[in-house]
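Take the position in the sequence shown, starting the count at 1, then add 839; the result is the number in the numbering used here. Where is the CB? At the ideal position from N, CA and C, for every residue including glycine.
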Amino acid sequence: MVIQLLKGRLKRRPFFLDKRQSNQRWVKQSILPGKCAKIIWGLFMSYQGYAKRNILVIDSDRKMADIKGLIHSKVIVGVDLEADSLHHYKDRVCLIQISTDLTDMVIDPLKLNQMSPVWNLLVEPSVTKIFHDADFDLRSLNRDFQICVTNIFDTRVVMDLLGETDVGLASVLKRYFGVNLRKKFQRYNWSRRPLSKEAIQYAAMDTRYLIKLKTVLEERLRIAGRLEWA
């Protein structure tokens, strides 16, 4: 769990599921002293509501206009994309996912004529864009749309700085937040339309936890004395 990963050497579980409670709530064991424990406990409990967040599917220019103010008001977002490289010789970007602290957006560039709010966000240097393993995504955005993303925080790179192994996003979300991504969508044809509700949910999960993950990883870097490395 989160506190185990922060300390890296704890032997007992920091949380257990109290099945005596009707809602099977998570109960905290007192492991980390002081302010750090309070911060991380608060973060962990906030994860529990994440699975219930609404997803905005942006598949028309009208919907894009509706979210323009939403995305331009943020200073940090999680970003990912889906392409169809496993199904076509010449691959293309089929979805762009953006998550704020409160909202998940699944944006369909195959149906949109107007993408400027998204491009403006990605190139804005004052906005932190969190990716997990950004290399393919950055190259794809530049190839398809001539977009050069600025101010990037790559959680995959931070995993390397912390000496972690098994750093695929599915493994990371499972390890840190107990989230299971459905493996069948790892080879999904993202150019297929209409997208199923399950596919949209899977796509949103790729960015939903990135802002929280950044917070946890920065704390781990601080404890390891490596915060400046990132």
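For this session: Report the three-state DSSP secondary structure of residue 873 (helix, strand or coil).
Result: Since pLDDT at residue 873 reaches only 46, below the 50 mark, its modelled position is unreliable, and no value is offered.
Problem set entry | Straight-line Cα distance separating residue 953 from residue 1029 | 20 Å
Problem set entry | Contact between the stretch 958-968 and the stretch 1022-1036 (3+ Cβ pairs under 8 Å) | no
Exercise. Residue 1065 to residue 1059, Cα distance in whole Å?
Worked result: 8 Å
Exercise. Considering only C-alpha positions, which residue in the set 1017, 970, 1005 and 958 is nearest to residue 919?
Worked result: 970
For this session: Give a yes or no on whether 8 Å exceeds the smallest Cβ distance from residue 1006 to chain E.
Result: Within the model displayed, chain E is absent; a lone protein chain is all it includes.
Problem set entry | Cβ-based burial, residue 1038 [other Cβ within 10 Å; buried from 16] | buried
For this session: Whole angstroms is fine: what's the gap from residue 999's alpha carbon to residue 1047's?
Result: 21 Å
Exercise. Is it true that the stretch 928-947 meets the stretch 985-993, where meeting means three or more beta-carbon pairs spaced less than 8 Å apart?
Worked result: no
Exercise. Taking C-beta to C-beta, are residue 944 and residue 906 nearer than 8 Å?
Worked result: yes
For this session: Determine the direct distance from the alpha carbon of residue 895 to that of residue 1130, and round the result to whole angstroms.
Result: No answer is possible for residue 1130: it lies beyond the span of the chain, which begins at 840 and ends at 1069.
Exercise. Between residue 993 and residue 1051, what straight-line distance do the alpha-carbon atoms span, to the nearest angstrom?
Worked result: 13 Å
Exercise. In this structure, does DSSP put residue 944 in helix, strand or coil?
Worked result: strand
Exercise. What residue from 893, 955, 1031 and 995 has the CA that sits closest to residue 942's CA?
Worked result: 893
For this session: Output the distance between the C-alpha atoms of residue 976 and residue 913, rounded to the nearest integer angstrom.
Result: 21 Å
For this session: Could you pull out every residue in the same chain whose Cβ sits closer than 6 Å to the Cβ of residue 876, ignoring the five residues on either side in sequence?
Result: Confidence in residue 876 is poor, its pLDDT being 48 and thus under 50, which makes the residue's placement too unreliable to answer from.
Exercise. How is residue 955 classed by DSSP in three states: helix, strand or coil?
Worked result: helix
Problem set entry | Other residues of its chain near residue 900: CB distance less than 8 Å, five sequence neighbours each side excluded | 951, 952 and 953
Exercise. At which residues does the beta strand (DSSP E) containing residue 1039 begin and terminate?
Worked result: From DSSP, residue 1039 is part of no beta strand (DSSP E) but of the alpha helix (DSSP H) over 1036-1047.
Problem set entry | Pairwise C-alpha distance: residue 1031 and residue 897 | 16 Å
For this session: Determine the burial state of residue 904: buried for a count of at least 16 other Cβ atoms within 10 Å of its Cβ, exposed for fewer.
Result: exposed
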